[in-house]
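Peer 1: In this note's numbering, the protein residues as written are 56 to 154. The beta-carbon is built from N, C-alpha and C at its ideal position, and this holds for glycine as well.
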(Lines of atoms letter the chains of each structure in order from A and count residues from 1; the text may use other names and numbers.)
(Lines give C-alpha, C1' and ligand atoms only; values in the text may rest on other atoms or scores of the structure.)
Protein backbone atom coordinates (compact mmCIF):
# COMPACT_ATOMS: atom_id res chain seq x y z
CA UNK A 1 0.00 0.00 0.00
CA UNK A 2 2.98 2.31 0.47
CA UNK A 3 5.42 2.07 -2.44
CA UNK A 4 9.10 2.19 -1.44
CA UNK A 5 8.28 1.73 2.26
CA UNK A 6 11.06 0.46 4.50
CA UNK A 7 10.13 -3.10 5.46
CA UNK A 8 11.93 -5.59 7.70
CA UNK A 9 11.22 -9.14 6.53
CA UNK A 10 12.07 -11.22 9.59
CA UNK A 11 9.85 -14.24 8.80
CA UNK A 12 8.89 -16.12 5.65
CA UNK A 13 6.08 -18.65 5.53
CA UNK A 14 6.75 -21.87 3.65
CA UNK A 15 3.46 -23.60 4.40
CA UNK A 16 0.36 -23.10 6.52
CA UNK A 17 2.17 -24.36 9.62
CA UNK A 18 5.87 -23.71 8.94
CA UNK A 19 8.22 -20.88 8.15
CA UNK A 20 11.74 -19.55 8.34
CA UNK A 21 12.71 -16.80 10.74
CA UNK A 22 15.82 -14.77 11.46
CA UNK A 23 17.51 -15.21 14.81
CA UNK A 24 16.34 -12.80 17.50
CA UNK A 25 19.51 -10.64 17.35
CA UNK A 26 19.43 -10.54 13.53
CA UNK A 27 15.71 -9.66 13.47
CA UNK A 28 16.21 -6.88 16.05
CA UNK A 29 19.15 -5.46 14.08
CA UNK A 30 17.20 -5.48 10.81
CA UNK A 31 14.13 -3.87 12.41
CA UNK A 32 16.33 -1.20 14.01
CA UNK A 33 18.06 -0.43 10.69
CA UNK A 34 14.80 -0.24 8.73
CA UNK A 35 13.21 1.98 11.39
CA UNK A 36 16.23 4.31 11.28
CA UNK A 37 16.00 4.50 7.47
CA UNK A 38 12.24 5.14 7.64
CA UNK A 39 12.76 8.10 9.98
CA UNK A 40 15.48 9.48 7.70
CA UNK A 41 13.11 9.22 4.70
CA UNK A 42 9.98 10.48 6.47
CA UNK A 43 9.75 13.62 4.32
CA UNK A 44 9.42 11.44 1.18
CA UNK A 45 5.99 10.16 2.22
CA UNK A 46 2.55 11.67 2.69
CA UNK A 47 -0.01 10.16 5.09
CA UNK A 48 -2.05 7.43 3.43
CA UNK A 49 -5.75 8.15 3.86
CA UNK A 50 -8.70 5.95 3.01
CA UNK A 51 -11.91 7.87 2.35
CA UNK A 52 -15.03 6.45 3.97
CA UNK A 53 -17.31 4.72 4.07
CA UNK A 54 -15.34 1.48 3.76
CA UNK A 55 -15.89 -2.26 3.57
CA UNK A 56 -13.39 -4.80 4.88
CA UNK A 57 -13.90 -8.29 3.47
CA UNK A 58 -12.30 -11.12 5.46
CA UNK A 59 -11.98 -14.60 3.99
CA UNK A 60 -11.18 -17.20 6.65
CA UNK A 61 -9.05 -20.26 5.84
CA UNK A 62 -11.75 -22.59 7.14
CA UNK A 63 -15.40 -22.19 8.03
CA UNK A 64 -14.66 -23.10 11.65
CA UNK A 65 -17.36 -22.90 14.28
CA UNK A 66 -17.98 -19.13 14.32
CA UNK A 67 -21.07 -18.60 16.47
CA UNK A 68 -21.19 -14.80 16.28
CA UNK A 69 -24.42 -13.43 14.93
CA UNK A 70 -24.19 -10.71 12.29
CA UNK A 71 -24.95 -7.27 13.71
CA UNK A 72 -25.03 -3.73 12.36
CA UNK A 73 -22.17 -3.29 9.91
CA UNK A 74 -21.29 -7.01 9.90
CA UNK A 75 -22.56 -9.38 7.22
CA UNK A 76 -21.84 -13.06 6.65
CA UNK A 77 -21.42 -13.60 2.91
CA UNK A 78 -20.80 -17.37 3.02
CA UNK A 79 -19.34 -20.01 5.35
CA UNK A 80 -15.86 -18.46 5.23
CA UNK A 81 -16.38 -14.81 4.24
CA UNK A 82 -17.51 -11.88 6.39
CA UNK A 83 -17.98 -8.23 5.45
CA UNK A 84 -17.38 -5.38 7.92
CA UNK A 85 -18.77 -1.94 7.01
CA UNK A 86 -17.84 1.30 8.73
CA UNK A 87 -17.93 5.06 8.35
CA UNK A 88 -14.13 4.92 8.07
CA UNK A 89 -11.35 2.32 8.23
CA UNK A 90 -11.09 2.58 12.03
CA UNK A 91 -14.82 1.92 12.48
CA UNK A 92 -14.72 -1.10 10.14
CA UNK A 93 -11.53 -2.44 11.77
CA UNK A 94 -13.00 -2.15 15.27
CA UNK A 95 -16.02 -4.17 14.14
CA UNK A 96 -13.66 -6.83 12.79
CA UNK A 97 -11.40 -6.87 15.85
CA UNK A 98 -14.36 -7.18 18.23
CA UNK A 99 -15.82 -9.98 16.13
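My output table needs one value for residue 131: the three-state DSSP class, helix, strand or coil.
Peer 2: Three-state DSSP puts residue 131 in a strand.
Peer 1: Apart from the five residues just before and just after residue 62, which ones in its own chain have a Cβ nearer than 6 Å to its Cβ?
Peer 2: none
Peer 1: Alpha carbon to alpha carbon, how far is residue 145 from residue 132?
Peer 2: 21 Å
Peer 1: Which partner residues of residue 138 appear in the DSSP bridge assignment?
Peer 2: Partner(s): 112 and 130.
Peer 1: Would you tell me roughly how many angstroms separate the C-alpha atoms of residue 81 and residue 75, rounded to the nearest one?
Peer 2: 13 Å
Peer 1: Count the other C-beta atoms from every protein chain shown that fall within 10 angstroms of the C-beta of residue 154, then say buried if there are 16 or more, exposed otherwise.
Peer 2: exposed
Peer 1: Could you tell me whether the region 106-121 touches the region 134-144, using the rule of 3 or more Cβ pairs below 8 Å?
Peer 2: yes
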